[in-house]
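Going by the numbering used here, the first residue of the sequence shown is number 76, and it counts up by one from there.
Cβ coordinates follow ideal geometry from the N, Cα and C atoms, glycine included.
All figures in this text were calculated on a predicted structure; none of them were measured in a lab.
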Amino acid sequence: MGRVAPSLILSRRDLDFLLHEWLDVEALTKRARFAEHSRETFDAVLDLAEQIATEHFAPHNRKADENEPRMVDGTVEMIPEVAQALKVFAEAGLMAGEFDEEHGGMQLPHVVGQAVFAWFKAANVGTSAYPFLTMGNARLLLAHGSPEQIETYVRPEVEGRWFGTMALSEPQAGSSLSDITTKAVRQDDGTYRLTGNKMWISGGDHELTENIVHLVLAKVPGGPLGVKGISLFVVPKFLVEDDGSLGERNDVVLAGLNHKMGYRGTTNTLLNFGEGVHTPGGRAGAVGYLVGEENRGLTYMFHMMNEARIGVGMGATVLGYTGYLHALEYARTRTQGRPAGAKDPATPPVPIVEHPDVRRMLLAAKSYAEGGLALGLYCARLVDEEQTAERPDDRARAHLLLEMLTPIAKAWPSQWGPVADDLAIQVHGGYGYTRDYPVEQFYRDNRLNPIHEGTNGIQALDLLGRKVVMQGGAGLALLGETIAATTARAAGTEWAAFAADLDAAVARMGSVTGTLWGAGDPEVTLANAHVYLEAAGHLVVAWLWLAQALATGTAESDFHHGKRQAARYFWRWELPRVHHRFDLLESLDRTVLDTPPNWL
Numbered sequence: 076m077g078r079v080a081p082s083l084i085l086s087r088r089d090l091d092f093l094l095h096e097w098l099d100v101e102a103l104t105k106r107a108r109f110a111e112h113s114r115e116t117f118d119a120v121l122d123l124a125e126q127i128a129t130e131h132f133a134p135h136n137r138k139a140d141e142n143e144p145r146m147v148d149g150t151v152e153m154i155p156e157v158a159q160a161l162k163v164f165a166e167a168g169l170m171a172g173e174f175d176e177e178h179g180g181m182q183l184p185h186v187v188g189q190a191v192f193a194w195f196k197a198a199n200v201g202t203s204a205y206p207f208l209t210m211g212n213a214r215l216l217l218a219h220g221s222p223e224q225i226e227t228y229v230r231p232e233v234e235g236r237w238f239g240t241m242a243l244s245e246p247q248a249g250s251s252l253s254d255i256t257t258k259a260v261r262q263d264d265g266t267y268r269l270t271g272n273k274m275w276i277s278g279g280d281h282e283l284t285e286n287i288v289h290l291v292l293a294k295v296p297g298g299p300l301g302v303k304g305i306s307l308f309v310v311p312k313f314l315v316e317d318d319g320s321l322g323e324r325n326d327v328v329l330a331g332l333n334h335k336m337g338y339r340g341t342t343n344t345l346l347n348f349g350e351g352v353h354t355p356g357g358r359a360g361a362v363g364y365l366v367g368e369e370n371r372g373l374t375y376m377f378h379m380m381n382e383a384r385i386g387v388g389m390g391a392t393v394l395g396y397t398g399y400l401h402a403l404e405y406a407r408t409r410t411q412g413r414p415a416g417a418k419d420p421a422t423p424p425v426p427i428v429e430h431p432d433v434r435r436m437l438l439a440a441k442s443y444a445e446g447g448l449a450l451g452l453y454c455a456r457l458v459d460e461e462q463t464a465e466r467p468d469d470r471a472r473a474h475l476l477l478e479m480l481t482p483i484a485k486a487w488p489s490q491w492g493p494v495a496d497d498l499a500i501q502v503h504g505g506y507g508y509t510r511d512y513p514v515e516q517f518y519r520d521n522r523l524n525p526i527h528e529g530t531n532g533i534q535a536l537d538l539l540g541r542k543v544v545m546q547g548g549a550g551l552a553l554l555g556e557t558i559a560a561t562t563a564r565a566a567g568t569e570w571a572a573f574a575a576d577l578d579a580a581v582a583r584m585g586s587v588t589g590t591l592w593g594a595g596d597p598e599v600t601l602a603n604a605h606v607y608l609e610a611a612g613h614l615v616v617a618w619l620w621l622a623q624a625l626a627t628g629t630a631e632s633d634f635h636h637g638k639r640q641a642a643r644y645f646w647r648w649e650l651p652r653v654h655h656r657f658d659l660l661e662s663l664d665r666t667v668l669d670t671p672p673n674w675l
C-alpha cells in the first residue's frame, strides 16, 4: 500500500501532540465524569470526525460558497449537501459528544470535544455553524433553563432534530445591547409575547430541521433601564405540544437574508417577532418562555457567548491552519526559480519551498496556526478543570484563568488566523487570489471572525477594562504565576533564554497595566485597549509556544524539530513585538483621543 497523504484540513499529528504529549487528556479519565473513556475512545471519536469532515463537509465547502442560501416565498432554499452532511453528523452522535449521558451524550471532555469539532470548522465553517450554535444553545438551557425547558428543547437539539440560535443584535443597536427594543409582555398563562426585530442571526431560518429554538434577548416593560433590564426567552419557530409534537407556527418571520463575504453557507437573517403574520392562539406577538428570572438575561446569555467566543477563536485558528496546510502542499509541489547562488540558467527550477522568503511565510503561518490551536485547546482544558477538578481551589483557579484568557482566546486567533490565510494566498502567488485554489475562500471566511461574538475592540475593552482589574488584579496575577511555572521548567535547557525573555515581558505587562490604570482618566486608560490586547495575546501565545517546545523533550522526528523551530520563530520574530506595544501604552499616547471626528 502507498503512503496516505496527510490531510489538508487539519494535522492529526499535531492534535495528538497537543492532546496527549502536552495536555495529557488521558489523565482526565481518572475523574468520575470521564471514567468510561480512555485514550482509545478519544482517538476513535477523532478518527470518526476526520472521516466525516473529509467525506461529507469538505466536498461541498466551495459549492456552498458559490450557491448561497436564497429566500424564496418567505422560506430558505440551500444546496442539499448541507442537510445531508448535518444528518451524517447528528446520526454519528457528534452533536451529543460533550453532553451528559442522561441527555443522550457521550460525556467527552470539553478539550476533546473542541478537537473533534475543529475538523468540521476547518473543513466547512459555513455548514459547521449550525451544530456549533445548537450545542451552545443547548448548554445554556442546561445551565439556566427549567426542567421542563430542558426536557422540551434540549433532547431534540442533542439528537440533531432541532437546531438552535442566539438572537441578540438588533438593526439599530448592534453590539450595544443596552439599546435593544424587542419587548416581552407577560401573559396570564405565564408565557410572554415578544415583538421586535433581530439582525445578524446566524442559522435564524432554514428547512434543515423540524424546528428552530431561538434564545432571544428582550425587555419586559417596567424593568430597569439599560442592560440590567434585559431578559432571556425561548422562542421556538413552532410551538411544542405537551407530548413533544409540533403545534402552531409561532410568530417569528424571516424578513430577509444578509449576504456576507464569508460563511456564505450559513443563513444569516433578519427576523421579525410579533409581526402578525402568524398569531398563535389568535393573539399578536411571538410566544416566548422566560429562562430563569426576569432582568438576568444578559448574565445567562454570556454563558453561551463566552463559549461561542472561544469557539470563534478556534474557528479562526483552524481556517488559518487549513490555509497553511494548503500553502505548504503547494510550495512543496510548485516549481519556480532557482536558489540565489545558482548561476546556470539551464538547471531545473526548484520547488518554491526552497526559497527562504517562502519558508519565512510558511513558518510564520505555522506559528500562528499551531499557536492558536494550542491556545484554544488549553482554554478548553481549563473548562474541564473548572467543571471536574477534584479540589474546589483548583476549580476556582481554572475559572479565574479562563476568565482572563477568554478575550484573548477569541481575539488573538481572529486577528492572526486571517494573517495565516493572507500568507497562504501570498505563497500561491497569482493563483492565490483566484477561485481555482481554495485559499481565497479561507481568507474571506476568516475575515468575519474579528467581528463575530463581540468585535476585537470589545474584547480589548473587556480585557483591560474588566478582566485585568477584577478581584484586585487576581486574574492578572494568576496568569503571571502560571506562566512563571512554565518558564521555571526551562531552567538549564536550551529554552532558558526564551523563558527569560518571556519573564521580562510578563513583568512589563504588569508595570504597564499599573501605568494605564494610574492615569486617573478612564478615556486615556482605555483609548488604546486594542494595543494592550495585541500585546497580551502575543505574550500568552509565546508562553504556549515555550510550553510546546518543552513538551517535545529530546524527540528527533521532523514533526518535533518543526515544533521547536516554530517556537524559535515565535520567540525571535514575534515576542519582541510586545515591547513596541508596551512602549506606546506606557507613554499614555493621546493621538487617537486628540483626533476630532471632523479631522478624519
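Endpoints, alpha helix (DSSP H) assigned at I385: Where I385 is concerned, the enclosing alpha helix (DSSP H) stretches over G372 to T408.
M336 (DSSP reduced to helix, strand or coil): Assigned with DSSP and collapsed to three states, M336 falls in coil, not helix or strand.
Nonlocal neighbours in the same chain, by C-beta distance under 7 angstroms from R472, ignoring five residues either side: Apart from the 5 residues on each side of it in sequence, R472 sits with its Cβ closer than 7 angstroms to the Cβ of L553 in its chain, given in chain order.
Length of the line joining the Cα atoms of L314 and E245: A direct Cα-Cα distance of roughly 23 angstroms separates L314 from E245.
Alpha-carbon spacing of M76 relative to T530, whole angstroms: With a pLDDT of 42 at M76, under the threshold of 50, the predicted position of this residue should be treated as unreliable, though the coordinate-derived value follows. Going from the Cα of M76 to the Cα of T530 covers about 49 angstroms.
Q411, buried or exposed, once every other Cβ within 10 Å from all chains shown has been counted against 16: Counting the other CB atoms within 10 Å of its CB gives Q411 a total below 16, which places it among the exposed residues.
Contacting residues, own chain, Cβ-Cβ under 8 angstroms from M336 (five flanking each side not counted): Around M336: R519, R522 and L523.
Span separating the alpha-carbon of P311 from that of V362: Computed Cα separation, rounded: 8 angstroms.
Beta-ladder partner(s) of G593, from DSSP: According to DSSP, which records beta bridges pairwise, G593 is partnered with nothing at all.
Short Cβ contact (8 angstroms threshold) for D326 with G357: No, they are not a contact pair.
Beta strand (DSSP E) runs contained entirely in the stretch 142-225, provided each spans 3 or more residues: The DSSP assignment places complete beta strand (DSSP E) segments of no fewer than 3 residues inside the stretch 142-225 at 145-147 and 150-152, in order along the chain.
Residue environment, Q534, which counts as buried when at least 16 other CB atoms sit within 10 Å: With 16 or more other Cβ atoms within 10 Å, it is buried.
Distance, F308 Cα to R324 Cα: In a straight line, the C-alpha of R324 is about 17 angstroms away from that of F308.
Inter-residue Cα distance where the pair is D537 and P482: Distance between the alpha carbons of D537 and P482: 7 angstroms.
Pairwise C-alpha distance: S221 and G367: Each residue's alpha carbon lies about 7 angstroms from the other.
Three-state secondary structure assigned by DSSP to G492: Helix, per DSSP.
Cβ distance (whole Å) where I255 is taken to contact K303 below 8 angstroms: That belief does not hold up - the Cβ atoms of I255 and K303 are roughly 13 angstroms apart, past 8 angstroms.
Boundaries (first-last residue) of the beta strand (DSSP E) holding E323: First-last of the beta strand (DSSP E) with E323: L321 to R324.
Backbone CA spacing between P426 and E404 [nearest angstrom]: The alpha-carbon atoms of P426 and E404 are separated by roughly 10 angstroms.
6 angstroms Cβ shell around A624 - same chain, five flanking residues per side excluded: If we look at A624 and ignore the five residues flanking it on each side, its Cβ neighbours are W570, R639 and A642.
Delimiting residues of the alpha helix (DSSP H) encompassing A611: For A611, the uninterrupted alpha helix (DSSP H) run begins and ends at A604 to A626, by DSSP.
Best match in T557, L675, A193 and R114 for proximity to F132 [C-alpha to C-alpha]: Of the residues T557, L675, A193 and R114, the one whose Cα lies closest to the Cα of F132 is A193.
Proximity winner among G360, L93 and G547, relative to T266 (alpha-carbon distances): For the set G360, L93 and G547, the Cα lying nearest the Cα of T266 is the one of G360.
Euclidean distance between Cα positions of M181 and S277: Their Cα atoms are separated by approximately 27 angstroms.
Inter-residue Cα distance where the pair is W646 and H654: In a straight line, the C-alpha of W646 is about 13 angstroms away from that of H654.
Limits of the unbroken beta strand (DSSP E) element including L452: Run containing L452: none in the beta strand (DSSP E); it sits in the alpha helix (DSSP H), P431 to T463.
Residues near P424 in its chain [Cβ-Cβ closer than 8 angstroms; skip 5 each side]: Cβ within range, chain order: T410, Q411, G412 and R413.
Helix, strand or coil at H289 according to DSSP, with G and I counted as helix: Reduced to three states, the DSSP call for H289 is strand.
Check whether M584 and L614 have beta carbons under 8 angstroms apart: In this structure, L614 lies closer than 8 angstroms to M584 by Cβ.
DSSP three-state assignment for G77, whether helix, strand or coil: Low per-residue confidence applies at G77: pLDDT is 45, beneath 50, and the placement is therefore not dependable, though the value from the model is reported in the following sentence. In the structure shown, G77 sits in coil (DSSP, three-state: anything other than H, G, I, E or B).
V433 beta carbon less than 8 angstroms from that of A406: Yes. Within cutoff.
Rounded separation between A167 and Q126 - CA only: Each residue's alpha carbon lies about 11 angstroms from the other.
Residues near E96 by beta carbon distance below 7 angstroms, same chain, minus five either side: A626.
Cβ contact (3+ pairs, closer than 8 angstroms) linking the stretch 171-189 and the stretch 227-238: Touching, per the Cβ criterion.
Between the CA atoms of A610 and F657 - distance to the nearest angstrom: Taking the CA atoms as reference points, F657 sits about 7 angstroms from A610.
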